[in-house]
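Step one of this worksheet: look at the structure below.
Chains as they are written, first to last, in the UniProt record's numbering: chain A, 1 to 180; chain B, 1 to 167.
Following this line, the structure appears as structure tokens:
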């Protein structure tokens with residue numbers, strides 16, 4: 001009897017009490033993932049503590065599919081830092097390097113200009129029409145750590161949703177049929 | 001208990017744990033490196049210096065940058081991003097940082113360099129404060145690891161001054 005046969009058998013032998021136990025353990029997995037994510041949000045102070053690099057504009061430093069860990073502290077933004085920012089009218093945040101900073105003396109507000117390491121010109125073409133500088137509220141966080149390749153998992157899942165459903169289905173089946 | 005799925009799961013978990021541990025150790029080993037980089041920058045010429053029609057001062061200069069950043073490289077270093085920024089204060093702004101030149105150093109062999117260049121990005125003030133302005137030239141570097149934490153540091157070189165008159 002193969003792996004598939006065992007699986008089918010174990011589904012047949014399900015009882016109501018067992019189903020409930022499995023549902024609870026599945027719920028535990030989902031909620032603990034959620035707890036970890038929210039805890040990371042609190043610790044890093046950034047609304048998305050981890051981002052996946054989607055474009056090659058920071059190559060060769062960051063390639064598509066790399067993961068960046070963000071941190072958002074009260075520290076002022078300085079030239080050279082890699083920041084993740086949202087531009088009005090664009091949904092996807094951008095990861096680029098700060099090349100110019102002008103910080104006001106009286107209010108402490110900053111005007112920031114960014115550029116991708118691999119791009120020829122600065123980012124004014126990417127900003128909203130007529131926008132010359134980024135302000136503090138555009139910036140979601142600064143990159144502090146780096147992990148290569150791991151982000152490919154999410155890129156593949158967003159671009160090929162069928163793989164996502166197969167994976168979720170397989171995992172669900174495993175959880176339901178596991179006896180211990 | 002010892003089904004195929006169970007064994008595959010145990011193997012995958014173990015492999016991922018070891019991989020994560022090795023990444024963490026590689027990143028931690030960067031802390032053991034104490035780099036001693038050096039840099040010199042000369043402003044060879046002010047090419048032109050003028051007030052734009054919108055009232056902002058702009059200056060173009062020729063720079064000579066030499067640096068030895070070889071000691072920044074460790075076995076976990078993918079590249080070093082290096083840039084030279086002009087830094088100064090004005091009555092309106094407590095800090096202005098303007099990147100004048102930047103470069104990517106892919107390997108240790110390229111980390112001792114010498115370059116003669118005019119400013120790559122435009123040196124424009126917010127306002128008209130650049131005549132006779134004293135400024136610092138700061139060489140910043142950001143070490144990008146193969147995995148783990150990124151490092152950054154700088155060398156500040158002070159005592160540069162722009163001319164009193166537009167030219």
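Backbone N, C-alpha and C fix where the C-beta goes; we use that ideal spot for every residue, glycine too.
Whether residue i touches residue j by CB criterion (7 Å)
i: residue 123/B; j: residue 82/B; result: no
i: residue 116/A; j: residue 58/A; result: yes
i: residue 70/B; j: residue 104/B; result: no
i: residue 100/B; j: residue 84/B; result: yes
i: residue 135/B; j: residue 67/B; result: no
i: residue 141/A; j: residue 69/A; result: no
i: residue 170/A; j: residue 82/A; result: no
i: residue 76/B; j: residue 146/B; result: yes
i: residue 43/B; j: residue 157/B; result: no
i: residue 95/B; j: residue 103/A; result: yes
i: residue 97/B; j: residue 23/A; result: no
i: residue 159/B; j: residue 27/B; result: no
i: residue 129/B; j: residue 61/B; result: no
i: residue 45/A; j: residue 72/A; result: yes
i: residue 51/A; j: residue 30/A; result: no
i: residue 181/A; j: residue 110/A; result: This structure cannot speak to residue 181/A, because chain A is shown only from 1 to 180.
i: residue 67/A; j: residue 126/A; result: no
i: residue 139/B; j: residue 39/B; result: yes
Reduced DSSP category for residue i - H, G, I as helix; E, B as strand; rest coil
i: residue 96/A; result: strand
i: residue 90/B; result: coil
i: residue 17/A; result: helix
i: residue 147/B; result: coil
i: residue 170/A; result: helix
i: residue 97/B; result: strand
i: residue 142/B; result: strand
i: residue 125/B; result: coil
i: residue 37/A; result: helix
i: residue 165/B; result: coil
i: residue 119/B; result: coil
i: residue 58/A; result: coil
i: residue 47/A; result: coil
i: residue 152/B; result: strand
i: residue 108/B; result: helix
i: residue 136/A; result: helix
i: residue 160/B; result: strand
i: residue 137/B; result: strand
i: residue 150/A; result: coil
i: residue 53/A; result: coil
i: residue 26/A; result: helix
i: residue 145/A; result: strand
i: residue 103/B; result: strand
Residues near residue i by beta carbon distance below 6 Å, same chain, minus five either side
i: residue 33/B; result: 74
i: residue 26/A; result: 175
i: residue 152/B; result: 142
i: residue 40/A; result: 49
i: residue 35/B; result: 71, 72
i: residue 125/B; result: 56, 57
i: residue 102/B; result: 83
Proximal residues to residue i (C-beta, below 8 Å), its chain only, five neighbours per side dropped
i: residue 167/A; result: 157
i: residue 92/A; result: 54
i: residue 144/B; result: 77, 78, 79, 80, 81, 150
i: residue 155/A; result: 52, 54, 64, 65
i: residue 124/A; result: 113, 131, 132
Contacting residues, own chain, Cβ-Cβ under 7 Å from residue i (five flanking each side not counted)
i: residue 128/A; result: 87, 88, 89
i: residue 112/B; result: 68, 70
i: residue 42/A; result: none
Nearest-angstrom Cα separation, counted from residue j out to residue i
i: residue 166/B; j: residue 110/B; result: 38 Å
i: residue 159/A; j: residue 172/A; result: 22 Å
i: residue 29/B; j: residue 90/B; result: 41 Å
i: residue 77/A; j: residue 101/A; result: 8 Å
i: residue 52/B; j: residue 48/A; result: 41 Å
i: residue 105/A; j: residue 92/B; result: 6 Å
i: residue 75/A; j: residue 99/A; result: 17 Å
i: residue 122/A; j: residue 31/B; result: 33 Å
i: residue 163/B; j: residue 116/B; result: 21 Å
i: residue 20/A; j: residue 165/A; result: 23 Å
i: residue 114/B; j: residue 5/B; result: 58 Å
i: residue 5/A; j: residue 106/B; result: 54 Å
i: residue 56/B; j: residue 63/B; result: 22 Å
i: residue 62/A; j: residue 119/A; result: 13 Å
i: residue 50/B; j: residue 127/B; result: 12 Å
i: residue 153/A; j: residue 17/A; result: 35 Å
Check: residue i C-beta below 6 Å from any heavy atom of the ligand HEM
i: residue 31/B; result: No copy of the ligand HEM occurs in the structure displayed, which carries no ligand at all.
Any chain C beta carbon closer than 7 Å to residue i
i: residue 115/B; result: Of the chains in the structure shown, none is chain C; the protein chains are A and B.
### Complete beta strand (DSSP E) runs within the stretch 6 to 82 of chain B (minimum length 3 residues, chain order)
Here the runs fully enclosed are 38 to 51, 57 to 68.
### Task
Note down, one range per segment and in chain order, each beta strand (DSSP E) of at least 3 residues found wholly within the stretch 63 to 128 of chain A.
Taking only runs of at least 3 residues, the beta strand (DSSP E) segments lying wholly in the stretch 63 to 128 of chain A are 67 to 71, 82 to 85, 94 to 104, 110 to 115.
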